[in-house]
Amino acid sequence: MINRASVLKENILMLAVKHPILNNHLPTQVEWELFHDLNQFLESFNNATIDLSAQSRPTIAHSRVILLTIKIDLYADRGEDSLLKDVIIQMREKFETYYEVLKEPTHIAAFLDPRYKSYCFPEMSDNEILQPIQQKLSQVQPTNIIRSAKVSPFLQKLKSTRGIQIVDDEVTKYWNTNDADENIKPLEWWRTHSTEYPNLSKLAMNHLCIQASSVPCEQLFSIAGQILCKSQNRLTGESVRASICLRSWMSENIY
Numbered sequence: 018m019i020n021r022a023s024v025l026k027e028n029i030l031m032l033a034v035k036h037p038i039l040n041n042h043l044p045t046q047v048e049w050e051l052f053h054d055l056n057q058f059l060e061s062f063n064n065a066t067i068d069l070s071a072q073s074r075p076t077i078a079h080s081r082v083i084l085l086t087i088k089i090d091l092y093a094d095r096g097e098d099s100l101l102k103d104v105i106i107q108m109r110e111k112f113e114t115y116y117e118v119l120k121e122p123t124h125i126a127a128f129l130d131p132r133y134k135s136y137c138f139p140e141m142s143d144n145e146i147l148q149p150i151q152q153k154l155s156q157v158q159p160t161n162i163i164r165s166a167k168v169s170p171f172l173q174k175l176k177s178t179r180g181i182q183i184v185d186d187e188v189t190k191y192w193n194t195n196d197a198d199e200n201i202k203p204l205e206w207w208r209t210h211s212t213e214y215p216n217l218s219k220l221a222m223n224h225l226c227i228q229a230s231s232v233p234c235e236q237l238f239s240i241a242g243q244i245l246c247k248s249q250n251r252l253t254g255e256s257v258r259a260s261i262c263l264r265s266w267m268s269e270n271i272y
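Residue numbering for the sequence shown is 18 to 272, as defined by my numbering.
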């Protein structure tokens with residue numbers, strides 16, 4: 018609605034010139050500026066919602082990218098006189114609450130996504146980044162790498178006794194490689210590199226998945242399905258709309 022009002026601002030003002038009686042109901046100049054700033058600010062949230070709800074590839078790591086981008090927008094310096102100052106402060110508090118919940122679950126997935134691993138850990142040391150991965154790998158049954166027949170059996174035996182070192186090298190080697198192209202499919206990438214990173218690829222298959230998510234329109238259909246069911250299937254469309262509206266008011270303590 019705010020976006021539409023901003024787009025139609027000139028048309029609305031022209032309409033008010035023809036019908037002066039509308040001037041009493043129009044936003045003030047300060048309110049128009051607020052609408053413009055708010056529209057630009059909320060655009061990234063709208064894009065994030067559309068992006069996540071339309072993803073057909075593993076998106077847990079992608080959600081961390083989106084969260085970090087939103088965090089940049091929330092903490093951008095807009096000056097003390099910004100009209101959005103009070104709104105943004107409240108949004109920061111809400112964001113930090115959810116970000117702390119999601120930060121740890123998305124850590125491993127973001128590391129294992131070859132497209133994003135270099136961008137998803139700002140202000141973190143290599144040890145902080147790699148330690149959770151190494152701990153998780155210690156819980157995975159090690160995969161033996163098939164060696165060429167020309168490899169000395171004595172050397173092969175020595176390497177097998179240093180399994181932890183081999184796993185650590187696998188993690189470090191992957192971490193030091195360049196990011197993959199953004200258009201690749203992560204699971205296909207790991208399938209291709211499974212011989213190079215046998216243990217990490219096994220971990221990736223468990224963590225690179227599409228997380229459950231919903232958008233407001235999906236939630237609305239779910240709520241309507243609870244109201245219109247076998248036990249009460251004779252409600253009119255008007256009654257269903259009124260029930261959904263009343264439910265939303267009650268959930269927000271609007272009476």
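Using N, Cα and C, we set each Cβ at its ideal position, and we do this for glycine too. Please read all numbers here as calculations on a predicted model, not as lab measurements.
Cys-246 - DSSP class collapsed to helix/strand/coil: strand
Bounding residues of the alpha helix (DSSP H) (the contiguous stretch that carries Arg-208): 203 to 209
Where Ile-271 sits in the DSSP three-state scheme: coil
Cys-137 classed as buried or exposed, judged by whether at least 16 other C-beta atoms fall within 10 angstroms: buried
Beta-carbon proximity check, Pro-139 vs Ala-197, cutoff 8 Å: no
Option in Pro-149, Leu-119, His-210, Ile-29 with minimal Cα separation from Leu-39: Ile-29
Residue range of the alpha helix (DSSP H) that includes Ala-93: Note, Ala-93: premise wrong, no alpha helix (DSSP H); not H, not E.
Nearest-angstrom beta carbon gap, Tyr-116 and Leu-84 [assumed within contact, 8 Å]: 6 Å
8 Å CB neighbourhood of Leu-252 in its chain, flanking five on each side removed: Ile-244, Leu-245, Ser-260
Classification of Tyr-214 by the beta-carbon crowding that lies within 10 angstroms, buried from 16 upward: buried
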